[in-house]
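K.L.:
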Amino acid sequence: MSDTNYDKIIEKENIGNVTLALLTNQDPLSARAPGIFTQLDLINIHKYINFALTLPTSSHDILSWFKISSSANFPLEISHLTNTIQLINSHAKTWDNVEQQVKQQVINLSLTSRNIVQTGNQIVDYINHMPIVQQIANSLDELSAEELRNIRYQNDDQQIATELLSILGFIKDDILNQADKTSKIKNIISDFRVHIIGGNLSNNQEVDSLLFKIKSIYMQLDSTDDTHTESNLIEKISALKHEVMILEKEYKHFVKLSFTGLAGGLIGLIITGGIFGSQAEKVRHRKNGLINQISELNEQINRDRFMKKTILDIQINLQKIEGHFKDARLAIDHLDYMWLVILTEINQSIETFSRIDNAENLLKFIARFKKIITAWVSVQIYADQLVELFDVQLTKSSQV
Numbered sequence: 448m449s450d451t452n453y454d455k456i457i458e459k460e461n462i463g464n465v466t467l468a469l470l471t472n473q474d475p476l477s478a479r480a481p482g483i484f485t486q487l488d489l490i491n492i493h494k495y496i497n498f499a500l501t502l503p504t505s506s507h508d509i510l511s512w513f514k515i516s517s518s519a520n521f522p523l524e525i526s527h528l529t530n531t532i533q534l535i536n537s538h539a540k541t542w543d544n545v546e547q548q549v550k551q552q553v554i555n556l557s558l559t560s561r562n563i564v565q566t567g568n569q570i571v572d573y574i575n576h577m578p579i580v581q582q583i584a585n586s587l588d589e590l591s592a593e594e595l596r597n598i599r600y601q602n603d604d605q606q607i608a609t610e611l612l613s614i615l616g617f618i619k620d621d622i623l624n625q626a627d628k629t630s631k632i633k634n635i636i637s638d639f640r641v642h643i644i645g646g647n648l649s650n651n652q653e654v655d656s657l658l659f660k661i662k663s664i665y666m667q668l669d670s671t672d673d674t675h676t677e678s679n680l681i682e683k684i685s686a687l688k689h690e691v692m693i694l695e696k697e698y699k700h701f702v703k704l705s706f707t708g709l710a711g712g713l714i715g716l717i718i719t720g721g722i723f724g725s726q727a728e729k730v731r732h733r734k735n736g737l738i739n740q741i742s743e744l745n746e747q748i749n750r751d752r753f754m755k756k757t758i759l760d761i762q763i764n765l766q767k768i769e770g771h772f773k774d775a776r777l778a779i780d781h782l783d784y785m786w787l788v789i790l791t792e793i794n795q796s797i798e799t800f801s802r803i804d805n806a807e808n809l810l811k812f813i814a815r816f817k818k819i820i821t822a823w824v825s826v827q828i829y830a831d832q833l834v835e836l837f838d839v840q841l842t843k844s845s846q847v
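In this note's numbering, the protein residues as written are 448 to 847.
#1: May I have the straight-line CA-CA distance separating N634 from Q605, to the nearest angstrom?
#2: Taking 8 Å as the cut-off, does the segment 505-519 touch the segment 558-570 (at least 3 CB pairs, one atom from each stretch)?
#3: Name the one or two DSSP bridge partners that N647 has.
#4: Going by beta carbon distance, what residues of the same chain come within less than 8 Å of A499, once the five residues before and after it are set aside?
#5: Have a look at P475 and N679 and give me their C-alpha separation to the nearest angstrom.
#6: Between which two residues does the alpha helix (DSSP H) containing A499 stretch?
#7: Could you check the C-alpha separation between S477 and N544 for me, to the nearest Å?
#8: For A608, count the other beta carbons within 10 Å of its own beta carbon; 16 or more makes it buried, fewer makes it exposed. Which is it?
#9: Rounded to the nearest angstrom, what separates S656 and I768 at their Cα positions?
#10: Between L709 and the rest of its own chain, which residues show a CB-CB distance below 7 Å, the 5 nearest in sequence each way excluded?
#11: With a 10 Å radius around its C-beta and 16 neighbouring C-beta atoms as the bar for buried, classify F513 as buried or exposed.
#12: In the DSSP assignment, the alpha helix (DSSP H) including D572 goes from what residue to what residue?
#13: Can you check whether the CB of I789 is closer than 8 Å to the CB of I632?
#14: Return helix, strand or coil for N585, following the three-state DSSP convention.
#15: Measure the CB-CB distance between P481 and L467 and report whether it falls below 8 Å.
#16: Just to confirm before moving on: does the CB-CB distance between D804 and T629 stay below 8 Å?
#17: Using CA atoms only, rank isn't needed, just tell me which of Q473, R640, E594, M785 is closest to D774.
#18: I'd like the list of long-range same chain contacts for V465, defined as Cβ closer than 8 Å, with 5 residues on each side in sequence excluded.
#19: At the level of alpha carbons, what is the spacing between F800 and V553?
#20: Quick one: measure Cβ to Cβ for L502 and I532, integer angstroms, because I've assumed they're closer than 8 Å.
#21: Return the chain-ordered list of same chain residues with a C-beta closer than 8 Å to the C-beta of I636, the five sequence neighbours on each side being excluded.
#22: Would you kindly check if the distance between the Cβ of L668 and the Cβ of P522 is under 8 Å?
#23: Out of L615, A626, E594, point me to the one whose CA is closest to N794's CA.
#24: Pairs of beta-carbons, one from the segment 657-666 and one from the segment 813-820, closer than 8 Å: are there three or more?
#25: According to DSSP, what are the bridge partners of N805?
#26: Grouping DSSP H, G and I as helix and E and B as strand, with all else coil, what is L476?
#27: Do the CB positions of I820 and G567 come within less than 8 Å of each other?
#28: If I579 and I598 are in contact, beta carbons under 8 Å, what's the gap, nearest whole angstrom?
This is how it looks when you write it as C-alpha cells:
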C-alpha cells in the first residue's frame, strides 16, 4: 500500500454502501452537501439557464437587444458577439437533457439496488434448500472442515447450482447495464462542461470555450481607447451641457415679440432680431443638435453599461457552474468506480460458485455472498433517499 494517509479502509463488499453514504452526506467525514448536484449547484445552474434561455437568438434581435446599430462605431466584430450569444443560448438548451439523465440515473440506482437485494436473497434461499445443505443442516456444528469437504454435490445439487449460475449472470448483466448508463451520464455531464471550458467532447469532437469567447468580448469592451471610455463620454456630455447653457442665454435675446407699437397705431415688425430671424434659427439648430448629441452619448453610456454588465454576468455564472459540473462529474466517477468494484465482485462470485462441488466451499460462499447482499440493503435505502432528495432539490431550485 502507498504512503497515502487514508481516512478509512473499506471492504470491497461495502463499496456501494460507502459511495451512497458520501453522495447523501451521511458519511461522518463528508462535508459536501448531498446529491450528485447539490442544492446550491442546482439553484445556480437554474438561474443561469433561465437567463441564457431568454437571450435573443437572431442576429437582428441580439443587436436590437444591446441597442447596437449596424453603422455604430463598435469596438469588436459584431458577428463575434452575435455568434457567441447564440452559442450561449444553444448550450443552455442542452441542460434539460442533463437534468433528466441525472434524475434517471438516480432512479436506476434505486431500482438496481432493490433488484440486487431481492435476487441475492433468492439465491441464498435457493442454496439453503439444496439437498447438500439440507443434509448437513442438523449436524453442521458437529462436522469438521475435512468432513464437510468430503460431502459432495449430488445430481440435484448440480442442477440447482447450474440454475443459480444463470441467476448470478442476470445480476452481472444488470450491473454491466448500470455501469454503461453511468458512463454515459458521466459523458453527458462532461460534455456540458467541455462546452464551457473548451476541449474534446466524449465523441472526440473539439469545441471552443464559451467562457473564453465571453472573456474576450468583455476584454475588448473594457479596453477600448480613451475617447470611448465612460468617464470620457461623461466629460463630453458635461461640455455639451455647458455649451447648451450658453446658447440658452444667447437665445433669450431673441425671445421677444416681433411686433412693436400700439395696437391702434403704427406697428413695427422685427424679424432678424426675433425668433423668426436667421440668427435665432441658427441658435435653435445648434442647441437642438447639442441636445441630440447629449442624448446619443447618454444612450451609449447606458448601452455600454448594460452590455458590459450582461457579458460580465455571463462570464461569472459560467465560471461558477463550471465548478458545479466538475464536482458532479467527480461524484459520478465514484459511482463509476463503485460499479467496477461490484462487477469484479460478481465475476469472482460466479467463478467461485462454478467451481464449488462440496459442502465446505458452499458454506464459505454463502457467508461471503450474504455479506455482499446485506451491504446492498443500505445501498437501497441510500438510493431511495437520493431519489427523494433530487426531486426536492429540483422543486426548490426551480422556485428560486
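We put the beta carbon where it would ideally sit given N, CA and C, even for glycine.
P.N.:
With the given structure in hand:
#1: As a position in the sequence shown, residue 634 is number 187, starting the count at 1. As a position in the sequence shown, residue 605 is number 158, starting the count at 1. A straight-line Cα-Cα distance of about 43 Å links N634 and Q605.
#2: Verdict: no, contact absent.
#3: Working through the sequence shown from its first residue, we reach residue 647 at position 200. In the DSSP assignment, the residues bridged to N647 are E653.
#4: Within the sequence shown, numbered from 1, the residue matching residue 499 stands at position 52. Once the five neighbours on either side are set aside, the close Cβ partners of A499 are I535, N536, H538, A539, I761.
#5: Mapped onto the sequence shown, residue 475 falls at position 28. Mapped onto the sequence shown, residue 679 falls at position 232. Cα-Cα distance, rounded: 58 Å.
#6: To locate residue 499, count along the sequence shown from 1; it is residue 52. Boundaries of the alpha helix (DSSP H) harbouring A499: 486-500, taken from the DSSP string.
#7: The count along the sequence shown starts at 1 and reaches residue 477 at position 30. The count along the sequence shown starts at 1 and reaches residue 544 at position 97. Going from the Cα of S477 to the Cα of N544 covers about 29 Å.
#8: By one-based count along the sequence shown, residue 608 stands at place 161. Counting the other CB atoms within 10 Å of its CB gives A608 a total of 16 or more, which places it among the buried residues.
#9: Translated into positions along the sequence shown, residue 656 becomes position 209. Translated into positions along the sequence shown, residue 768 becomes position 321. Taking C-alpha positions only, S656 is separated from I768 by approximately 14 Å.
#10: Translated into the one-based positions of the sequence shown, residue 709 becomes position 262. Residue placement at L709 is flagged as unreliable, the pLDDT there being 40, under the threshold of 50; a coordinate-derived value is accordingly withheld.
#11: Within the sequence shown, residue 513 is the residue found at index 66, counting from 1. It counts as buried.
#12: Stepping through the sequence shown from its first residue, residue 572 is reached at position 125. That run of the alpha helix (DSSP H) goes 542-575.
#13: Here the question's residue 632 lines up with position 185 in the sequence shown. Here the question's residue 789 lines up with position 342 in the sequence shown. No.
#14: Here the question's residue 585 lines up with position 138 in the sequence shown. If DSSP states are grouped into helix, strand and coil, N585 belongs with coil.
#15: On the sequence shown, residue 481 is found 34 positions in, with the first residue counted as 1. On the sequence shown, residue 467 is found 20 positions in, with the first residue counted as 1. Not a contact, by the Cβ cut-off of 8 Å.
#16: Within the sequence shown, residue 804 is the residue found at index 357, counting from 1. Within the sequence shown, residue 629 is the residue found at index 182, counting from 1. Their beta carbons are not under 8 Å apart, which means D804 does not touch T629 by this criterion.
#17: Numbered from its first residue, the sequence shown carries residue 774 at position 327. Residue R640 is the option with its Cα nearest to D774.
#18: In the sequence shown, counting from the first residue as 1, residue 465 sits at position 18. Closer than 8 Å at Cβ, skipping near neighbours: I457, D474.
#19: For this step, residue 800 is matched to residue 353 along the sequence shown. For this step, residue 553 is matched to residue 106 along the sequence shown. Those two C-alpha atoms are separated by around 31 Å.
#20: For the purposes of this step, residue 502 is taken as the residue at position 55 of the sequence shown. For the purposes of this step, residue 532 is taken as the residue at position 85 of the sequence shown. Rounded, the Cβ-Cβ distance is 6 Å, consistent with contact.
#21: Sequence index remark: in the sequence shown, residue 636 carries index 189 (1-based). Closer than 8 Å at the Cβ level, and outside the excluded window around I636, lie V545, V549, F772, A775, R776, I779.
#22: In the sequence shown, counting from the first residue as 1, residue 522 sits at position 75. In the sequence shown, counting from the first residue as 1, residue 668 sits at position 221. In this structure, L668 lies closer than 8 Å to P522 by Cβ.
#23: Locating residue 794 in the sequence shown gives position 347, where the first residue counts as 1. N794 has its Cα closest to that of L615, out of L615, A626, E594.
#24: They do not touch, by the three-pair rule.
#25: On the sequence shown, position 358 is the one that residue 805 refers to. According to DSSP, N805 bridges with R599.
#26: In the sequence shown, counting from the first residue as 1, residue 476 sits at position 29. In this structure, L476 counts as coil in the three-state DSSP scheme.
#27: The residue given as residue 820 occupies position 373 in the sequence shown. The residue given as residue 567 occupies position 120 in the sequence shown. It is a contact, given that the beta carbons lie within the stated cut-off.
#28: Locating residue 579 in the sequence shown gives position 132, counting from the first residue. Locating residue 598 in the sequence shown gives position 151, counting from the first residue. Contact flag correct, Cβ pair sits at about 6 Å.
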